[in-house]
Amino acid sequence: MPDQSHVGRRYSAPGQVIDGQRAAQMAAAIAGSDPVAEPGAVPPTFAAVYCLAPTLGQLFGDPEVGINLAGLIHGEQTFEWPVPVRPGDVVDSTAEIVSVEEKRGMTFVGLTVESIRPADGAVVCRGRDLMIIRGGAGS
Amino acid sequence: MTAPALSSLRAGEDLDPLTRTVDQAQIDAYAEASGDFNPIHVNPDFALAVGLPGTIAHGLLEMGILADAISRWAGGSQTLQSLECRFSKPLVAGDGITCTGKVVAVDDGEKTATLEVEATSSRGERVLTNGRAIVRLSQ
Numbered sequence: 001m002p003d004q005s006h007v008g009r010r011y012s013a014p015g016q017v018i019d020g021q022r023a024a025q026m027a028a029a030i031a032g033s034d035p036v037a038e039p040g041a042v043p044p045t046f047a048a049v050y051c052l053a054p055t056l057g058q059l060f061g062d063p064e065v066g067i068n069l070a071g072l073i074h075g076e077q078t079f080e081w082p083v084p085v086r087p088g089d090v091v092d093s094t095a096e097i098v099s100v101e102e103k104r105g106m107t108f109v110g111l112t113v114e115s116i117r118p119a120d121g122a123v124v125c126r127g128r129d130l131m132i133i134r135g136g137a138g139s
Numbered sequence: 001m002t003a004p005a006l007s008s009l010r011a012g013e014d015l016d017p018l019t020r021t022v023d024q025a026q027i028d029a030y031a032e033a034s035g036d037f038n039p040i041h042v043n044p045d046f047a048l049a050v051g052l053p054g055t056i057a058h059g060l061l062e063m064g065i066l067a068d069a070i071s072r073w074a075g076g077s078q079t080l081q082s083l084e085c086r087f088s089k090p091l092v093a094g095d096g097i098t099c100t101g102k103v104v105a106v107d108d109g110e111k112t113a114t115l116e117v118e119a120t121s122s123r124g125e126r127v128l129t130n131g132r133a134i135v136r137l138s139q
């Protein structure tokens, strides 16, 4: 299980290509039976694909942290998009564990995430995540 | 798109509410687009076995619908500067989600508006809480 010793641990996922087709697929999935409002635009929460998945995926598979995926809940999410990302952009994504707390038999893991477009140095997304793992130490 | 006259936007103004029924097909489409095939989202038998009333939507699908509601109201997804929320209760497949919000501050210098936003399920549960968004105002 995650503990204080994991604070500061970083995960890097350079070279994430913004796939316009997949962004369109996500826009359609979000719209459901409604028409997509802006065909061709990258939905803001596509950050799930270029920022969160490639970095947090490494955390979830990190044997030294040992997160119990069966008990994992996404608790809170903050995203900032200082500059909009476009299809074809390439971004370098990182995540860092900034806090680990035990409360009420659960483990709360706080992370910061960031995606930077090296072509112009723009931060296209930065965020904070709170992951909650049920069945913490002692339970 | 019914964008408000942003130059005349005032605190207290309501976000146009947006309601969608999120069925299993929509959750499956989001799983495809995001790459998150966690069985609590896509496998009804598994979801029931772990004590859920059914499969549940991805938190980031709900957040994507909330971002869509704000983007449609504000005149485009590129107006969305930041969005944060807490995933308080699960949204069960087949349930409706309604996104609402209110402008709480307008910053003429930064040309931004801050909204408090949330989402409620058709079961009457507040599924997304502590929501806050900042949108960029044109002019």
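Order-wise, the sequence lines are chains G and R.
Here my numbering is used: position 45 in the first sequence is 45, and no number is missing along the way.
Here my numbering is used: position 52 in the second sequence is 52, and no number is missing along the way.
Yeah, the Cβ is synthetic: ideal placement off N, Cα and C, and Gly gets one too.
Inset, instruction - Pick out the complete beta strand (DSSP E) segments inside the stretch 71-138 of chain R, 3 residues or longer, and give them in chain order. - result: As far as the stretch 71-138 of chain R is concerned, its whole beta strand (DSSP E) runs of at least 3 residues are 80-87, 96-107, 112-121, 126-136.
Legend entry - Chain-ordered neighbours of Ala-29/G on chain R, where CB pairs are closer than 9 Å: Listed along chain R, the residues sitting closer than 9 Å to Ala-29/G by beta-carbon distance are Gln-26, Ile-27, Asp-28, Ala-29, Tyr-30, Ala-31, Glu-32, Ala-33, Ser-34, Leu-61, Gly-64.
Legend entry - Three or more C-beta pairs below 8 Å linking the stretch 111-126 of chain G and the stretch 73-82 of chain G: Because the criterion of three Cβ pairs below 8 Å is met, the stretch 111-126 of chain G and the stretch 73-82 of chain G touch.
Inset, instruction - Starting from the C-beta of Pro-53/R, find all residues in its chain whose C-beta is less than 7 Å away, skip the five residues before and the five after it, and write them out in chain order. - result: The residues are Val-92.
Legend entry - Contacting positions in the stretch 79-113 of chain G - beta carbon closer than 7 Å to chain R: Per Cβ criterion, the list reads Phe-79, Glu-80, Trp-81, Pro-84.
Inset, instruction - Give a yes or no on whether the minimum CB-CB distance between Ser-88/R and chain G is below 7 Å. - result: Not an interface residue.
Legend entry - Within-7 Å CB hit, Thr-45/G to chain R: Yes, because at least one Cβ of chain R sits closer than 7 Å to the Cβ of Thr-45/G.
Legend entry - Whether Ile-30/G touches Ile-133/G by CB criterion (7 Å): Judged by their CB atoms, Ile-30/G and Ile-133/G are not nearer to each other than the 7 Å cut-off.
Legend entry - Beta bridge counterpart(s) of Cys-125/G as assigned by DSSP: Partner(s): Ser-115/G.
Legend entry - Backbone secondary structure at Ala-178/G - three-state DSSP: Limits of chain G in this structure are 1 at one end and 139 at the other, which puts residue 178/G out of reach.
Inset, instruction - Compute the Euclidean distance between the alpha carbons of Pro-54/G and Asp-34/G, then round it to the nearest angstrom. - result: Pro-54/G and Asp-34/G: Cα-Cα distance of roughly 29 Å.
Inset, instruction - Could you work out which residues of chain G lie near Val-22/R, taking near to mean beta carbons separated by less than 9 Å? - result: Contact note: Val-22/R reaches chain G through Gly-32, using a C-beta cutoff of 9 Å and chain order.
Legend entry - Neighbour-count burial assignment, Ser-7/R, 16 or more Cβ in a 10 Å radius: It is exposed - the Cβ of Ser-7/R has fewer than 16 other Cβ atoms within 10 Å.
Legend entry - Cα-Cα separation, Ala-95/G to Leu-111/G: If you take the alpha carbons of Ala-95/G and Leu-111/G, they lie about 7 Å apart.
Inset, instruction - Go ahead and pull the three-state DSSP assignment for Gly-40/G. - result: Gly-40/G: coil per DSSP, three-state reduction.
Legend entry - Spatial neighbours of Gln-58/G in its chain, beta-carbon cut-off 6 Å, leaving aside the 5 residues before and after: Result list for Gln-58/G: Tyr-11, in chain order.
Legend entry - Gly-75/G - DSSP class collapsed to helix/strand/coil: Reduced to three states, the DSSP call for Gly-75/G is strand.
Legend entry - Beta-carbon neighbours of Gln-77/G, restricted to chain R and to distances below 9 Å: In chain order: Gly-59, Leu-60, Met-63, Leu-83, Glu-84, Cys-85, Arg-86, Phe-87.
Legend entry - Limits of the beta strand (DSSP E) - the one that Thr-19/R falls within: In the DSSP assignment, Thr-19/R falls within the unbroken beta strand (DSSP E) covering 18-21.
Legend entry - Given 8 Å, three or more beta-carbon pairs between the stretch 21-40 of chain R and the stretch 90-109 of chain G: Judged by Cβ distances under 8 Å, the stretch 21-40 of chain R makes no contact with the stretch 90-109 of chain G, as fewer than three pairs qualify.
Legend entry - Asp-14/R burial status per 10 Å Cβ neighbour count (16 or more: buried): It counts as exposed.
Legend entry - Alpha-carbon spacing of Gly-20/G relative to Val-109/G, whole angstroms: Taking the straight line from one Cα to the other gives about 31 Å.
Legend entry - Where Asp-14/R sits in the DSSP three-state scheme: It is a strand residue.
Inset, instruction - Please look up how many angstroms separate the CB atoms of Gly-35/R and Val-49/G, rounded, as I've assumed it's under 8 Å. - result: The pair is a contact, with the Cβ atoms about 7 Å apart (cut-off 8 Å).
Inset, instruction - Answer yes or no: do Gly-135/G and Gly-71/G have a C-beta to C-beta separation smaller than 7 Å? - result: Contact annotation: Gly-135/G and Gly-71/G have beta-carbon atoms nearer than 7 Å.
Inset, instruction - Within 10 angstroms of the Cβ of Gly-138/G, are there 16 or more other Cβ atoms? Answer buried if so, exposed if not. - result: The predicted position of Gly-138/G is uncertain, since its pLDDT is 40 and thus under 50; no value can be drawn from it.
Legend entry - Rounded straight-line distance, which links the Cα of Ala-119/G to that of Leu-52/G: Whole-angstrom Cα-Cα distance: 20 Å.
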